[in-house]
Structures are given as C-alpha cells and as structure tokens.
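Residue numbering for the sequence shown follows this note's numbering, beginning at 1450 and increasing consecutively.
All C-beta atoms, glycine included, are put in the ideal place defined by N, C-alpha and C.
Worksheet for the structure shown next.
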Amino acid sequence: MKNILHRIAKALVFRQLKKIDTGYISIQEGNKKFSFGKKGNLSAHITVHDPRFYGALAFGGSIGVSEAFMQKFWSVNDLTKLIRIMAINQNAMDQLE
C-alpha cells in the first residue's frame, strides 16, 4: 500500500514541477535522475533519500517538505536557489499547498 501512495505522491509532485517556467530543478533518486525547467544560472539539485519525501511535499505542502528535510528524507545542493525557484514559479507550486 505504501508503494502505491509513494507513486501517487510522486506523480502529483512531478506534474507540478513540469510547470516550472523559470529555473531548473534536478532530482536524483537512487540511479534515476529527473529534471524540470530550463538549465541556467538558477538551478538546484535535490537528492531523495526516502520516498516519503514525495508524500510530504504532495500532501503536506511547505510544512511537510520542511519536516521531511529535517528528517533527512531529502537534501539539496543549494536551498536558497531552490526556494527562489519555488517562489518565482509560485503559481505551479501553489497546487502542492
């Protein structure tokens, strides 16, 4: 059951990330890599350490993903740039709140 929920949450997150117009986010999960947006100066690389990250973001919004960060479900190479990308693309990200 958990695997199904993780897949649904991941699909919801990816659907919203595909709407990024400004900036670039890459996600590394094991040996898989996903990318969203256009490469440029404003980019961030997320490493997913636990698939519960997707549920935290999809169903918990900014608070859920912050808690997942503290629980080390995910890490990012530049948190400031990630927050900037999310703020600039707020219309796409609002669907996750």
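Exercise for the section: Please classify residue 1529: does DSSP put it in a helix, a strand, or coil? Expected result: helix
- request: Just tell me which of 1455, 1540 and 1526 has its CA closest to the CA of residue 1491.
  value: 1526
Quiz item: DSSP beta-bridge partners for residue 1481?
Solution: 1478
**OP:** Please list the segments of the alpha helix (DSSP H) lying wholly inside the stretch 1488 to 1545, counting only runs of 4 or more residues, in order along the chain.
**Re:** 1501 to 1519, 1528 to 1537 and 1539 to 1542
inquiry  = Rounding to the nearest angstrom, what Cα-Cα distance links residue 1482 and residue 1522 in this structure?
reply    = 16 Å
Next on the checklist: Assuming residue 1468 is part of the alpha helix (DSSP H), what are its boundary residues?
Outcome noted: Note, residue 1468: premise wrong, no alpha helix (DSSP H); not H, not E.
- request: Answer yes or no: do residue 1471 and residue 1537 have a C-beta to C-beta separation smaller than 7 Å?
  value: yes
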